[in-house]
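The sequence shown begins at 3 in our numbering and counts up one residue at a time.
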Amino acid sequence: MSNSFTNIQRWLSDPNVTRLIEVAIGIVIIALIFRFISQSVPRYIQDSDTRYRTRKAISFMGYITMLLFAVFVFSDRLGQFTVIFGVVGAGIAFALQEVIGSFAGWVAISLGQFYKPGDRVQLGGIMGDVIDISILRTTLMECGDWVKADLYNGRIVRIANSFVFKEPVYNYSADFAFLWDEITVPVKYGSEHRLAREILEKVALEVTGEYVPLAKQQWHKMTNKYLIEDARIEPIVTLIANDNWMQFTIRYPVSYKKRRIKKDQLFTKILDEFENTDGRVVFASATFELVEAPTINVKLADKGNGLSKA
3 MSNSFTNIQR
13 WLSDPNVTRL
23 IEVAIGIVII
33 ALIFRFISQS
43 VPRYIQDSDT
53 RYRTRKAISF
63 MGYITMLLFA
73 VFVFSDRLGQ
83 FTVIFGVVGA
93 GIAFALQEVI
103 GSFAGWVAIS
113 LGQFYKPGDR
123 VQLGGIMGDV
133 IDISILRTTL
143 MECGDWVKAD
153 LYNGRIVRIA
163 NSFVFKEPVY
173 NYSADFAFLW
183 DEITVPVKYG
193 SEHRLAREIL
203 EKVALEVTGE
213 YVPLAKQQWH
223 KMTNKYLIED
233 ARIEPIVTLI
243 ANDNWMQFTI
253 RYPVSYKKRR
263 IKKDQLFTKI
273 LDEFENTDGR
283 VVFASATFEL
293 VEAPTINVKL
303 ADKGNGLSKA
């Protein structure tokens, strides 16, 4: 028993061990302080975006404070640890390549404006809204898969930040928070095609015209920032004639979060407007018409008396 107590005293008398204990206690105290501050944020900040960013900043400052505290405690011993840190660091770098890559990805995301919380992105074939960006992983609320029209499916996906160096990053809402979408409307031959075009142009402007002014402003900023053409923002209706019907295509700007809603509104209004034309404009559908039925001859043979009937 006395030997064990003596060993503990000798171990505690080592200044390096004492400083490690000081660092551990200090880190725990710092962590508790910054956790208390982070939990107090909702009382003073109501905006969700500002609250999220404030919590992230507090968390980051906590890590920096812990690191500075450890450096301060071992400030007079850093020279002795240089070689040890070099050897250990090389081994850690080899063993934790993915972790280091994810940390580098976090730095790139933070400084390179790949995306930010709230953006809709596609990473590694997974599409969703960014709900959190940590040092190692990006968290998405997934859209699509078995749910169509870019709606949430309820799954939360965590993706390593190193993906930004390996695959393309698709951002639906970075500099231009709109998408161009299209619907096709088949119109029966014999309908008044000019009236059909007029109806489609009117409906497209009524349903999606609200997006045009803001989309123009954002696109103007895009043309100043990037080498890109000054594209048309307003809805446009085009026509092609195929073997079955006249096919009109409506191209229009829409918020990346409201594609399905606007398609529903467009088709509903188009159906109502076509019905009000009293047959002057009619939807087309795939139909099959028999122009002439071929003549069918049937012969019946009577084996008993050798007679045949036609």
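By construction, the Cβ of each residue, glycine as well, lies at the ideal position given by its N, Cα and C atoms.
Item                                                                                                                                                                                 : Value
Which parts of the segment 204 to 286 are runs of the beta strand (DSSP E), unbroken and 3 residues or longer, counting only runs that do not cross its ends?                        : 238 to 243, 248 to 257
If contact is defined by three or more beta carbon pairs under 8 Å, each pair taking one atom from either stretch, is the segment 273 to 284 in contact with the segment 219 to 230? : no
How far does the alpha helix (DSSP H) with Leu-110 in it extend, from its first residue to its last?                                                                                 : Going by the sequence as given, residue 110 is Ala instead of Leu. Element bounds for Ala-110: 99 to 114.
How about Val-239 and Glu-203: are their beta carbons less than 9 Å apart?                                                                                                           : yes
Nearest-angstrom Cα distance between Ile-242 and Leu-268?                                                                                                                            : 20 Å
Does DSSP put Ala-26 in a helix, a strand or coil?                                                                                                                                   : helix
Which stretch, first to last residue, makes up the beta strand (DSSP E) that contains Val-171?                                                                                       : 171 to 173
Counting only the same chain and skipping the five closest in sequence on each side, list residues whose C-beta sits under 7 Å from that of Ser-153.                                 : Looking at the sequence provided, one finds Leu at residue 153 rather than Ser. Excluding residues within five positions, the ones whose Cβ falls inside 7 Å are Cys-145, Arg-262.
With Pro-188 as the anchor, note down where its beta strand (DSSP E) starts and where it stops.                                                                                      : 180 to 189
Nearest CA to the CA of Trp-108: which residue from Ile-135, Val-123, Asp-131, Pro-119?                                                                                              : Ile-135
Taking just the CA atoms, how far does Ile-252 sit from Thr-186?                                                                                                                     : 6 Å
Starting from Asn-155, follow the beta strand (DSSP E) in both directions and report where the run begins and ends.                                                                  : 154 to 162
Can you tell which of Pro-255, Gly-192, Thr-225 has its C-alpha closest to the C-alpha of Pro-215?                                                                                   : Pro-255
Closer than 6 Å by C-beta to Phe-165: which residues in its own chain qualify, once you throw out the five before and the five after it? Chain order, please.                        : Leu-125, Gly-126
Compute the Euclidean distance between the alpha carbons of Ile-23 and Arg-139, then round it to the nearest angstrom.                                                               : 31 Å
Look up Arg-139 in the DSSP assignment and give the residues it is bridged to.                                                                                                       : Ala-162
Could you check if Ala-198 is buried or exposed, using at least 16 other CB atoms within 10 Å of its CB as the buried criterion?                                                     : buried
Is the beta carbon of Asn-163 less than 9 Å from the beta carbon of Ile-128?                                                                                                         : no
Which same chain residues, not among the five before or five after Ile-137, have their C-beta less than 7 Å away from its C-beta?                                                    : Phe-105, Trp-108
Identify which residue in Leu-34, Lys-265, Phe-71 has its Cα closest to the Cα of Val-205.                                                                                           : Lys-265
Which first and last residues belong to the beta strand (DSSP E) in which Val-123 is found?                                                                                          : 122 to 125
Would Tyr-65 be called buried (16 or more neighbouring beta carbons within 10 Å of its own) or exposed?                                                                              : exposed
I need the straight-line Cα distance from Tyr-191 to Thr-270, nearest angstrom please.                                                                                               : 22 Å
List the DSSP bridge partners of Gly-130.                                                                                                                                            : Val-123, Glu-144
Would you grab the beta carbon distance between Leu-2 and Tyr-174 for me? Rounded to a whole angstrom, and I think it's under 8 Å.                                                   : Since the first residue shown for the chain is 3 and the last is 312, residue 2 is missing from the structure and cannot be characterised.
I'd like the list of long-range same chain contacts for Val-189, defined as Cβ closer than 8 Å, with 5 residues on each side in sequence excluded.                                   : His-195, Ala-198, Trp-247, Met-248, Gln-249, Phe-250, Val-283, Val-284, Phe-285, Ala-286
Less than 8 Å between the CB atoms is what I'm expecting for Ile-32 and Thr-67, so what's the real figure, rounded?                                                                  : 5 Å
Write down the C-beta distance between Leu-113 and Gly-130 rounded to the nearest angstrom, noting that I regard them as a contact closer than 8 Å.                                  : The pair is not a contact, with the Cβ atoms about 23 Å apart (cut-off 8 Å).
Relative to the C-alpha of Val-123, which candidate in Tyr-258, Asn-299, Asp-280 has its C-alpha closest?                                                                            : Tyr-258
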